[in-house]
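Counting in the working numbering, the sequence shown runs without a single skipped number right up to 389 at its last residue.
The beta carbon of each residue, even a glycine, is placed where N, CA and C say it ideally should be.
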Amino acid sequence: MNQHEIFRPVFTHHEDGTLGEVGFARHPHWNYDRSRIKVSRLRMKEWDYYLVNTGQIAVAFTLSDLGYIRMASVSFLDLVKGVDATQTELLPPAKDFFMPQTSSQGAAHFENKNIILDYDLTPQSRKVHCEVKNLAGHGPFKADLCFSDFPKESMNILTPWKDRKHFYLNEKCNCMPVEGKVVFNYKIYRFRKDENCGVLDWGRGYWPYKTHWYWGTASAMVDGELFGFNLGYGFGDLRAASENVLFYRGKIHKLDQIRFYIPQDPMLPWVLTSNDRRFEAVFTPILDRAADIDMKVIRSNQHQYFGSVNGTAVLDDGSHILMRDLPAAFEDIHNQY
53 MNQHEIFRPV
63 FTHHEDGTLG
73 EVGFARHPHW
83 NYDRSRIKVS
93 RLRMKEWDYY
103 LVNTGQIAVA
113 FTLSDLGYIR
123 MASVSFLDLV
133 KGVDATQTEL
143 LPPAKDFFMP
153 QTSSQGAAHF
163 ENKNIILDYD
173 LTPQSRKVHC
183 EVKNLAGHGP
193 FKADLCFSDF
203 PKESMNILTP
213 WKDRKHFYLN
223 EKCNCMPVEG
233 KVVFNYKIYR
243 FRKDENCGVL
253 DWGRGYWPYK
263 THWYWGTASA
273 MVDGELFGFN
283 LGYGFGDLRA
293 ASENVLFYRG
303 KIHKLDQIRF
313 YIPQDPMLPW
323 VLTSNDRRFE
333 AVFTPILDRA
343 ADIDMKVIRS
353 NQHQYFGSVN
363 GTAVLDDGSH
373 ILMRDLPAAF
383 EDIHNQY
């Protein structure tokens with residue numbers, strides 16, 4: 053498979069509204085200029101998703117603008133006890149997009165009677181503040197987290213569909229050290245930047261009505277070094293590049309195609325393999341964070357499986373990374389909206 057790499061700043065769209073150069077990059081080279089995108093605002097989708105997964109607990113935060121509605125979602129997962137406390141709140145659309153136009157700076161704020169979720173982004177740090185009165189009926193929740201010491205490289209991709217009208221611009225910034233604390237049901241969980249790290253999934257795009265994707269992510273310390281991966285497929289026309297990469301010591305190592313072999317019972321172990329034989333592993337799920345939002349015309353059937361990965365990953369220089377009980381999360385998501 054060809055892996056077309058972008059090395060210079062480019063626009064996602066030309067001035068006439070046609071899609072620009074597609075491929076992947078190690079830095080966020082694409083200039084996402086909404087004024088050049090000639091589609092209805094109601095069809096645009098924008099989100100920032102943060103996840104920290106220690107293997108014992110996981111916390112996740114989503115702010116999204118789906119054009120016709122704004123959404124905030126917060127999750128606290130106790131992976132040892134099998135507790136999934138997830139709450140999603142909706143607000144009417146804003147007059148203008150409320151998500152930042154770049155992945156490196158800006159702010160976003162969501163607030164209603166049940167939840168406050170704030171993102172404050174600068175080139176030096178990413179701060180997440182959240183307060184929920186009663187998270188999914190489990191009790192009060194509060195989080196103050198700061199992601200810093202950004203890796204030198206991230207996974208960036210502009211994915212088209214075959215019609216060259218629909219597109220998806222995405223950055224995955226894995227292995228960001230995080231510090232701060234989370235309070236859930238009166239218990240305090242602390243994060244230290246020399247022990248914990250997380251991922252930002254930053255996405256902007258115009259999609260077809262029906263979509264389906266697979267995604268796997270990990271960010272952790274392996275033998276004293278920051279290591280992670282981003283694996284995915286099923287979404288758009290991937291002939292120019294895939295989003296499959298390893299993260300090690302702040303840099304990415306490009307993989308080709310990946311495949312998840314999911315058993316009929318998805319809580320049984322999965323086989324993960326790449327066609328270049330540089331990623332061979334088994335994922336063992338322990339918790340399914342499932343949600344099925346069905347409003348007839350609009351539907352989102354989501355499964356995000358948390359568990360551990362055991363196997364081997366091969367860096368660009370041929371070095372092998374042994375993954376032993378590596379905390380990871382994998383998605384299988386169907387959307388129609």
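In whole angstroms, what separates the C-alpha of residue i from that of residue j?
i	j	result
A365	D100	28 angstroms
N387	S92	19 angstroms
R301	C225	13 angstroms
A380	D130	14 angstroms
I345	L103	21 angstroms
F243	D368	31 angstroms
E183	S156	23 angstroms
Y238	V126	17 angstroms
Q309	D289	13 angstroms
H218	D246	40 angstroms
Q316	R86	42 angstroms
I71	F149	The displayed chain sequence assigns Leu, not Ile, to residue 71. Each residue's alpha carbon lies about 21 angstroms from the other.
Q356	R341	5 angstroms
K136	D196	Reading the sequence as shown, one finds Asp at residue 136 and not Lys. If you take the alpha carbons of D136 and D196, they lie about 20 angstroms apart.
N54	G257	23 angstroms
W82	S352	28 angstroms
A292	H56	6 angstroms
W259	T140	22 angstroms
Measuring CA to CA, which of the options is closest to residue i?
i	options	result
T336	F358, Q316, F128	F358
C198	Y220, Q139, G250, H305	G250
R60	V74, N54, D68, E67	V74
K204	Y266, P175, H218	P175
L143	L169, V234, S156	L169
V230	K217, T269, M273, N237	M273
N362	R351, H355, L374, S352	L374
T64	L221, Y120, K262	L221
D117	G255, G370, N105	G255
G69	Y84, P80, A77	Y84
G276	R330, N327, C227	C227
Measure the beta-carbon distance from residue i to residue j and round it to whole angstroms, keeping in mind my assumption that it falls under 8 angstroms.
i	j	result
V297	M207	5 angstroms
F202	F128	Going by Cβ atoms, the distance from F202 to F128 rounds to 25 angstroms, so no, they are not a contact pair.
F281	F299	7 angstroms
K185	N166	6 angstroms
G268	L278	G268 to L278, Cβ: 17 angstroms. No contact.
G390	L173	Absent from the structure is residue 390, since the part of the chain shown begins at 53 and ends at 389.
I209	E98	Not quite, the Cβ-Cβ distance comes to about 16 angstroms (not below 8 angstroms), so this is no contact.
If we count the other Cβ atoms within 10 Å of its Cβ and call it buried at 16 or more, is residue i buried or exposed?
i	result
M319	exposed
H161	exposed
V50	There is simply no residue 50 to check, as the chain begins at 53 and stops at 389 in what is shown.
D253	buried
G286	exposed
A146	exposed
Helix or strand or just coil, what does DSSP make of residue i?
i	result
G189	helix
S92	coil
D200	Checking the displayed sequence, the identity of residue 200 turns out to be Ser instead of Asp. Three-state result, S200: coil.
R341	strand
R351	strand
S206	coil
R86	helix
Y261	coil
T64	coil
W213	coil
Quick one: is the Cβ of residue i within less than 8 angstroms of any heavy atom of the ligand GTP?
i	result
T64	Only the bare structure without any ligand can be found here, which leaves the ligand GTP out of the picture.
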